[in-house]
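S.K.: Supplied in structure tokens, the structure appears directly below.
Numbering (our numbering), first residue to last: 25 to 664.
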């Protein structure tokens, strides 16, 4: 059970992701070399790069003008006057906006939403449903508007899947859609998935030169349905279509023109719920879907050579006509979910989607197998014990028991500074994914067998990774800890054999050990506060975090903000990149900040301001920065 269900609603509107960009550049983490211009907007064509395209960002994530477009039950489409059709889909009215944060400066491609409340609000303004969005990172980012690559991040699309917890229901009628949804949510969970694309990264309107009200906003379409306890929260236990995405310096562009997607086969209802929401390209960013011809679902007889699907056998009636998905309202009305008839037994045969336009194709692995971590973003400290990372194996959309799974180090998609490239990211950046694997406390040669639920668990006992990203071991500058990539893999040959999703791996930030003085002094903490003052200039509107006097003056408020629960949107820092050890030291000091300041640390002399971007930087990277720039730094490209 998930959002791919007969009981579901769809919504559409806009989102805002007002992220700060000073911390996009690993070189900006070095206090000793930080320059004031790094907090300023980049120049034309990223010349000079300064603080990139949004240095004053506050990390707020908001839902803007989102409305329920359609709702469905097993009996069919919900009709007026059911009140759900007049509902807005909004964020919280009782707390600060949610926060969108990267895991790390060198892993910016799993940006997570923290502290989001999702509400359904009736036409009379009353909240009918409130739920807490379990933090999740995006996955399956791709070049959704491939003819607009010069637009950088604006041309990309991605998706989020999670659950809503702590459900609070308003006055919903038992015989209404929301009454049925409430009854189906007996486990206290709802499933939510949404697609994001077309983010606008132009601070000024290109026609008027005035501030752009659409800055850092994009399109969102989504689905909410029931969820059951014991299921994965961030993935569909269904059939998985795998795209062929050859490596590029930018966002992946599938050869078959359709991105990774999933479907659920409902044998009882003889229906297939196919989610194409983040799978179909658009003609322009945030624009209409691109014509791929009529899209047909079928089975195939595997070829004996390579990844070719072999002989294709269309399923009668299982076609999404081009005239349907190109209509003005289809995408907003359905969030890309197509419901197709099931006219044959597909229990143990691979599925394929084809278009009448030549070359349009995506298919399951011939084995029908799939393997993925449910949650795929983690933060850890040295000494954490038995950290459990669940990974699910499926075959033909059902749990796969007895499969042998290994976990392999894979830093290929992480994004260190391009060493010696002359690109505008400052000095050569620190390394990522440095092993041995003992830092994470697991054996890459070991295997784990899946249980009857298709579950295999990677258990980690991390130790101190040292300070591989502190240049010269100087605590005055550097990035805390180390960032790692770990990829789950089938060890049984019969389950492998198909295209690999480059984003299907586990990202882990392992913090360095931190041992302050006893008692903690300002000298222990000043480099930490200085770094946040450098990287998040929006805080300068309230206080100077690098100033002892300002911090002492605001000790009470800071103690509250640093002591909040991790899921609270008001938590400091909003980036969630402060280790528990450093947080505890800050809280201990804030209780009595009149302790001696401690010894004064001597900073290295700052070099001259960084040079402007060289002429050879590709325009779509230099102008926009963001995820497109991070993609260009990936380790896999440096190792070629």
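Where a beta carbon is used, it is the ideal one built from N, C-alpha and C, also for glycine.
1. Excluding the five sequence neighbours on either side, which residues of its own chain have a C-beta within less than 6 Å of the C-beta of residue 110, listed in chain order?
2. Hey, how far is the Cα of residue 338 from the Cα of residue 344?
3. What runs of the beta strand (DSSP E), each 3 residues or longer, lie entirely inside the region 393-420?
4. Where are the beta strand (DSSP E) runs, 3 residues long or more, that stay fully inside the region 492-549, in chain order?
5. Leaving out the 5 sequence neighbours to the left and right, which residues in its chain are closer than 6 Å to residue 484 when beta-carbon positions are compared?
6. Could you pull out every residue in the same chain whose Cβ sits closer than 7 Å to the Cβ of residue 380, ignoring the five residues on either side in sequence?
7. Identify the continuous alpha helix (DSSP H) that holds residue 610 and give its terminal residues.
8. Tell me whether the beta-carbon of residue 183 lies closer than 7 Å to the beta-carbon of residue 418.
9. Taking 7 Å as the limit between beta carbons, can you name the residues of its chain near residue 633, skipping five residues before and five after?
10. By Cβ distance below 7 Å, which residues in the same chain neighbour residue 368 in space, the five residues on each side in sequence not counted?
11. Starting from the C-beta of residue 30, find all residues in its chain whose C-beta is less than 7 Å away, skip the five residues before and the five after it, and write them out in chain order.
12. Take residue 313 as the anchor and find which of 201, 356 and 523 has the nearest alpha-carbon.
13. Does the Cβ-Cβ distance between residue 246 and residue 160 come in under 7 Å?
14. Going by DSSP, name the residue or residues bridged to residue 430.
15. Just how far apart, CA to CA, sit residue 474 and residue 323?
16. In chain order, what residues of the same chain have a beta carbon less than 7 Å from the beta carbon of residue 24, not counting five sequence neighbours either side?
17. With three or more beta-carbon pairs closer than 8 Å as the criterion, would you say the region 191-202 touches the region 147-158?
18. Leaving aside the five residues before and after residue 267 along the sequence, list all residues of the same chain whose C-beta is less than 7 Å from its C-beta, in chain order.
19. By the 10 Å Cβ neighbour count, where 16 or more other Cβ atoms means buried, how is residue 378 classified, buried or exposed?
20. Kindly list the residues whose CB is nearer than 7 Å to the CB of residue 63, restricted to its own chain and excluding five residues on each side of it in sequence; keep chain order.
21. In the DSSP output, what is residue 389 paired with across the bridge?
22. Identify whether residue 643 lies in helix, strand or coil by the three-state DSSP scheme.
23. For the pair the region 431-443 and the region 502-516, tell me if three or more CB-CB distances fall below 8 Å.
24. How big is the Cα-Cα spacing for residue 642 and residue 341?
25. For residue 469, count neighbouring Cβ atoms within 10 angstroms of its own Cβ and tell me buried if that reaches 16, exposed if not.
26. For a test of the three-state rule: what should DSSP assign to residue 123, helix, strand or coil?
27. So is residue 658 buried or exposed if we call it buried at 16+ other beta carbons inside 10 Å?
28. Looking only at DSSP bridge pairs, what is residue 299 linked to?
29. Using alpha carbons as the reference points, say which of 87, 132 and 253 lies closest to residue 238.
30. Going by other Cβ atoms of all chains shown within 10 Å of its Cβ, with 16 needed for buried, is residue 450 buried or exposed?
31. With DSSP collapsed to three states, give me the class of residue 128.
32. According to DSSP, what are the bridge partners of residue 236?
33. Which of the three DSSP states, helix, strand or coil, is assigned to residue 650?
34. For the alpha helix (DSSP H) that residue 343 lies in, which residues bound it at each end?
35. Which of the three DSSP states, helix, strand or coil, is assigned to residue 628?
36. Pop quiz: residue 133 and residue 606 are said to be a contact at Cβ under 8 Å. What is the actual Cβ separation, rounded to whole angstroms?
M.R.: Put simply:
1. Numbered from its first residue, the chain shown carries residue 110 at position 86. By the criterion of a C-beta distance shorter than 6 Å, residue 110 is surrounded in its chain by 147, once the five residues flanking it on both sides are discounted.
2. On the chain shown, residue 338 is found 314 positions in, with the first residue counted as 1. On the chain shown, residue 344 is found 320 positions in, with the first residue counted as 1. Put simply, the backbone Cα of residue 338 is about 12 Å away from that of residue 344.
3. Counting only unbroken stretches of 3 or more residues, the beta strand (DSSP E) elements lying wholly within the region 393-420 are 393-397, 401-404 and 411-419, in sequence order.
4. Along the length of the region 492-549, whole beta strand (DSSP E) runs at least 3 residues long occupy 506-514 and 530-534, reported in chain order.
5. Numbered from 1 along the chain shown, position 460 holds the residue referred to as residue 484. Result list for residue 484: 411, 464, 465 and 466, in chain order.
6. Position 356 of the chain shown, counted from the start, is the residue given in the question as residue 380. Here residue 380 has 317 and 318 as same chain residues with Cβ atoms under 7 Å from its own Cβ, once five neighbours each way along the sequence are excluded.
7. Here residue 610 refers to the residue found at position 586 of the chain shown. Per DSSP, residue 610 belongs to the alpha helix (DSSP H) from 604-615.
8. Taking the first residue of the chain shown as 1, we reach residue 183 at position 159. Taking the first residue of the chain shown as 1, we reach residue 418 at position 394. Taking 7 Å as the cut-off, the beta carbon of residue 183 is found no closer than this to the beta carbon of residue 418.
9. Indexing the chain shown from 1 puts residue 633 at position 609. Confidence is the limiting factor: at residue 633 the pLDDT is only 35, short of 50, which leaves the residue's position unreliable, though a coordinate-based value still follows. Excluding residues within five positions, the ones whose Cβ falls inside 7 Å are 59 and 61.
10. Numbered from its first residue, the chain shown carries residue 368 at position 344. Same-chain partners within the cutoff: 339.
11. By 1-based counting over the chain shown, the position of residue 30 is 6. For residue 30, the CB contacts under 7 Å within the same chain, skipping 5 residues up- and downstream, are 96, 97, 98 and 293 in chain order.
12. Mapped onto the chain shown, residue 313 falls at position 289. Out of 201, 356 and 523, the CA that lies nearest to the CA of residue 313 is found in 356.
13. As a position in the chain shown, residue 246 is number 222, starting the count at 1. As a position in the chain shown, residue 160 is number 136, starting the count at 1. Taking 7 Å as the Cβ cut-off, residue 246 and residue 160 do not qualify as a contacting pair.
14. Position 406 of the chain shown, counted from the first residue, corresponds to residue 430. For residue 430, which the question treats as bridged, DSSP gives the partners 471 and 513.
15. The residue labelled residue 474 in the question sits at position 450 within the chain shown. The residue labelled residue 323 in the question sits at position 299 within the chain shown. Between residue 474 and residue 323, the alpha-carbon positions lie close to 27 Å from each other.
16. Because the chain is modelled from 25 through 664, residue 24 falls outside the range shown and cannot be assessed.
17. In short, these stretches touch, since the Cβ pair count reaches three.
18. On the chain shown, residue 267 is found 243 positions in, with the first residue counted as 1. Taken in chain order, the residues that qualify are 278, 280, 282, 283, 284, 386 and 523.
19. The count along the chain shown starts at 1 and reaches residue 378 at position 354. In this structure residue 378 is buried. Its beta-carbon is surrounded by 16 or more other beta-carbon atoms within 10 angstroms.
20. Position 39 of the chain shown, counted from the start, is the residue given in the question as residue 63. Within the same chain, and ignoring the five residues on either side of residue 63 in sequence, the residues whose Cβ sits closer than 7 Å to its Cβ are 46, 75, 79 and 561.
21. Here residue 389 is taken as the residue at index 365 of the chain shown, counted from 1. Bridge partners of residue 389: none, in fact.
22. Walking along the chain shown from the start, residue 643 turns up at place 619. Model confidence at residue 643 stands at a pLDDT of 35, short of 50, so the residue's coordinates are unreliable and nothing is read from them.
23. Taking 8 Å as the limit for Cβ pairs, the verdict is that the region 502-516 does touch the region 431-443.
24. Taking the chain shown and counting its residues from 1, the one referred to as residue 642 is at position 618. Taking the chain shown and counting its residues from 1, the one referred to as residue 341 is at position 317. For residue 642, the predicted model reports a pLDDT of 37, less than 50, meaning its position is unreliable and no value from the coordinates is stated.
25. As a position in the chain shown, residue 469 is number 445, starting the count at 1. Residue 469 should be labelled exposed.
26. Within the chain shown, numbered from 1, the residue matching residue 123 stands at position 99. Correct three-state label for residue 123: strand.
27. As a working note, residue 658 is residue 634 in the chain shown. The C-beta of residue 658 has 16 or more other C-beta atoms within 10 Å across all chains shown, which makes the residue buried.
28. By 1-based counting over the chain shown, the position of residue 299 is 275. In DSSP, residue 299 forms a bridge with 286 and 361.
29. As a working note, residue 238 is residue 214 in the chain shown. When C-alpha distances from residue 238 are compared across 87, 132 and 253, the shortest belongs to 87.
30. To locate residue 450, count along the chain shown from 1; it is residue 426. Residue placement at residue 450 cannot be trusted, given a pLDDT of 44 that sits under 50; what the coordinates show is reported in the next sentence. Label assigned to residue 450: buried.
31. Here residue 128 refers to the residue found at position 104 of the chain shown. Strand, per DSSP.
32. Within the chain shown, the letter at position 212 stands for residue 236. Looking at the DSSP output, residue 236 bridges to nothing.
33. On the chain shown, position 626 is the one that residue 650 refers to. Helix, per DSSP.
34. Start at 1 with the first residue of the chain shown, and residue 343 comes out as number 319. Per DSSP, residue 343 belongs to no alpha helix (DSSP H); it is in the beta strand (DSSP E), 335-344.
35. Reading the chain shown from its first residue, position 604 is the one you call residue 628. Because the pLDDT at residue 628 is just 36, under 50, the model does not fix this residue reliably, and the point stays unresolved.
36. Taking the chain shown and counting its residues from 1, the one referred to as residue 133 is at position 109. Taking the chain shown and counting its residues from 1, the one referred to as residue 606 is at position 582. Residue 133 to residue 606, Cβ: 25 Å. No contact.
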